[in-house]
Amino acid sequence: MTPTARVPGPVFEPITGRPLAQIAWTPTHEVDDLVERARVAQTDWARMPGPERAARLHRVANLLEVEAEDLAKLETRNTGKPPVDTVREAHRAAGSFRYYAGWVDRAVGETIDPGAGVLSLVDRRPRGTVLGIVPWNVPLFFAAKKFAPALAFGNACIVKPAPETPLTALRLLELMQQAGLPDGVAQVAVGDGELGAALVEHPGMDLIVFTGSDVTGRRVAAAAGRRGAPTVMELGGKSAQLIFPDADLDAAIEGVLLGAYGATGQMCIAGSRVYVHREVAGAFGQALAARIDSMVVGDPRVDGVHVGPQITRDQQRKSFEMIGRAKAAGARTVAQASLPRDPALAEGFFVPPTLLEAVAPDAEVAQREIFGPVAILDVFDDEPDAVRRANGTPFGLAAGIWTADIGRAHRVARRVRAGTVWINPYRVMSDLVPFGGVGWSGYGRENGEAASATYTKAITTWVASSDVIPAR
Numbered sequence: 055m056t057p058t059a060r061v062p063g064p065v066f067e068p069i070t071g072r073p074l075a076q077i078a079w080t081p082t083h084e085v086d087d088l089v090e091r092a093r094v095a096q097t098d099w100a101r102m103p104g105p106e107r108a109a110r111l112h113r114v115a116n117l118l119e120v121e122a123e124d125l126a127k128l129e130t131r132n133t134g135k136p137p138v139d140t141v142r143e144a145h146r147a148a149g150s151f152r153y154y155a156g157w158v159d160r161a162v163g164e165t166i167d168p169g170a171g172v173l174s175l176v177d178r179r180p181r182g183t184v185l186g187i188v189p190w191n192v193p194l195f196f197a198a199k200k201f202a203p204a205l206a207f208g209n210a211c212i213v214k215p216a217p218e219t220p221l222t223a224l225r226l227l228e229l230m231q232q233a234g235l236p237d238g239v240a241q242v243a244v245g246d247g248e249l250g251a252a253l254v255e256h257p258g259m260d261l262i263v264f265t266g267s268d269v270t271g272r273r274v275a276a277a278a279g280r281r282g283a284p285t286v287m288e289l290g291g292k293s294a295q296l297i298f299p300d301a302d303l304d305a306a307i308e309g310v311l312l313g314a315y316g317a318t319g320q321m322c323i324a325g326s327r328v329y330v331h332r333e334v335a336g337a338f339g340q341a342l343a344a345r346i347d348s349m350v351v352g353d354p355r356v357d358g359v360h361v362g363p364q365i366t367r368d369q370q371r372k373s374f375e376m377i378g379r380a381k382a383a384g385a386r387t388v389a390q391a392s393l394p395r396d397p398a399l400a401e402g403f404f405v406p407p408t409l410l411e412a413v414a415p416d417a418e419v420a421q422r423e424i425f426g427p428v429a430i431l432d433v434f435d436d437e438p439d440a441v442r443r444a445n446g447t448p449f450g451l452a453a454g455i456w457t458a459d460i461g462r463a464h465r466v467a468r469r470v471r472a473g474t475v476w477i478n479p480y481r482v483m484s485d486l487v488p489f490g491g492v493g494w495s496g497y498g499r500e501n502g503e504a505a506s507a508t509y510t511k512a513i514t515t516w517v518a519s520s521d522v523i524p525a526r
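Those letters in the sequence shown? Residues 55 to 526, by this note's numbering.
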């Protein structure tokens, strides 16, 4: 099912910095063939009885569950993420296929009677061929998150993983083939931005669902827009966590550590702007700094290690450069963990978890997504001040609110500009719940019932129910 005569691309192991695999890239001249095969396969796939489509998606889920441990090990080697994350993500990938298998016969239309001798039949039909573009931070689950709903609603789907982390997406393709998906209905195309542009600009792509940076996302949306193709954009964030004086401070510290430093900070929802009420700022900051200083950085497969490497060397360099520019502009280091001393990890892509203060609101480190284990700490005085700070960037993906006052929690949540707001947890996700951003964080929604509108199109048919139809 995969194309031939491709150019090889290196894949590295971020824990050691050594080459891990050599993966063939899909050349741009094969894009026409990929799309044509997808479009041919989509017709038969959409006509397949719903129970049979669902059964095959359930088979994919079963295979993913069987291979979850092996997939997690491969994901950890390719991304440097801790097994606790990669195992969970492998099971979430299985769960995504199982959840959307249940949607196969639920995307039903409706009959509307507007009166005047006519009936309106609204039918939900597949978009056609879907392009899913996924970043390097959660490669297996994000590939599954694109494939599963697209296929469930009768589309064909081509997923382009990041060239740095294609290994689990390619293995997922093999499992989908093993589960009996028709040839061509699900494909993986590996390559860089040149391949991505060729896919986005291809007239046979009926929908583009993109997860990645705001800069790349705007280019993708512009290219798709020139030919009228619809897009869904999840473009990262610069999320705030607000800690009020009545909050459970121990729980809030755990939430900040999970939200800002989990997965080495390589999360679109990273809660990397931490604002604490002035009344508790001193105690909270000291306790948080002590935890960060004591973090163990190293091979995430080793017990007792809290933070692994960045996934790419370029991202490691970017994180160090942003820390350096912030300090040159006057930021102070409140806390910083130590880098690993093991010589075997000397070439790994490690960045120490860092907490900065005295950061100007318009500073780069306060406005731009870092995608590394770096957070800023500042204070606020009251609810309006907290909201102003939370809304102080063009992004709007997520936010966290820590308070025991349920009234305050809802007041602030309504005023914070974000697609997802957590009150007293952080980084809780589910396929059942719509997800997406506002502002620079994108538009459109994935997951839950929102997926039906994303991956299908509404077609209206007017039918005469009377011999006399009034003129309009």
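Glycine included, every Cβ here is placed at the ideal spot set by N, Cα and C.
As a beta-bridge residue in DSSP terms, F66 pairs with P73.
The beta carbons of G238 and R113 sit no closer together than 8 Å.
In this structure, I212 lies near Q241, with their beta-carbon atoms less than 8 Å apart. Excluding residues up to 5 positions away in sequence, N501, G502 lie with their Cβ nearer than 7 Å to the Cβ of V487 in the same chain. Residue K292 holds the alpha-carbon nearest to the alpha-carbon of R443 among L88, K292, G498.
Secondary structure of D459 (DSSP, three-state): coil. Closest by C-alpha distance to I430, out of R465, S495, F404, A343, is A343.
L111 counts as buried, since no fewer than 16 other beta carbons sit within 10 angstroms of its beta carbon. Rounded to the nearest whole angstrom, the C-alpha separation of A398 and V120 is 32 Å.
Between the segment 466 to 479 and the segment 327 to 347, the count of Cβ pairs shorter than 8 Å is below three; the stretches do not touch. Boundaries of the alpha helix (DSSP H) harbouring M376: 367 to 382, taken from the DSSP string.
DSSP places Y153 within a helical segment (H, G or I) once states are collapsed to three. DSSP, read as helix, strand or coil, puts W190 in coil. In this structure, the CA atom of D521 is about 13 Å from the CA atom of L173.
The Cβ atoms of P217 and P193 lie no closer than 8 Å to each other. Residue state for Y509 is assigned as helix, using DSSP reduced to three classes.
Here M287 is buried, its C-beta having at least 16 other C-beta atoms within 10 Å. Around S506, the same chain offers W157, R160, A161, R178, F207 as residues with beta carbons nearer than 8 Å, after the five sequence neighbours per side are excluded. In this structure, L227 sits away from W79, with a CB-CB distance that is not shorter than 8 Å. P168 places its beta carbon 8 Å or farther from that of I77.
Using a Cβ distance threshold of 8 Å, G362 and I69 count as a contacting pair.
In the three-state scheme derived from DSSP, where H, G and I count as helix and E and B as strand, M287 is classed as strand. With a cutoff of 8 Å on beta-carbon distance, T82 and I187 are scored as not near each other. Taking one beta carbon from each stretch, the segment 397 to 413 and the segment 363 to 380 have 3 or more pairs nearer than 8 Å; the two touch. K127: not part of any beta strand (DSSP E); member of the alpha helix (DSSP H) spanning 122 to 133, first to last residue. Around the Cβ of Q364, a 10 Å sphere holds 16 or more other Cβ atoms; the residue is buried.
Annotation: the segment 206 to 273 contains the following complete segments of the beta strand (DSSP E) (minimum length 3 residues), in chain order: 210 to 214, 240 to 242, 261 to 265. Across the structure, W99 and A92 are spaced so that their CA atoms are roughly 10 Å apart. Taking C-beta separations shorter than 6 Å and ignoring five residues to either side along the sequence, the partners of A108 in its chain run A155, V158, following chain order.
The three-state reading of DSSP puts P203 in helix, counting H, G and I together. D353 carries a coil assignment under DSSP once its states are collapsed to helix, strand and coil. According to DSSP, residue pairing for F404 in a beta bridge does not occur. In the same chain as T165, and ignoring 5 residues on each side of it, the C-beta atoms closer than 8 Å to its own belong to L173, S174, L175, V176, in chain order. For E90, the enclosing alpha helix (DSSP H) has its first and last residue at 85 to 101. At the C-beta level, A518 and G171 come within 8 Å of one another. A straight-line Cα-Cα distance of about 11 Å links T130 and A317.
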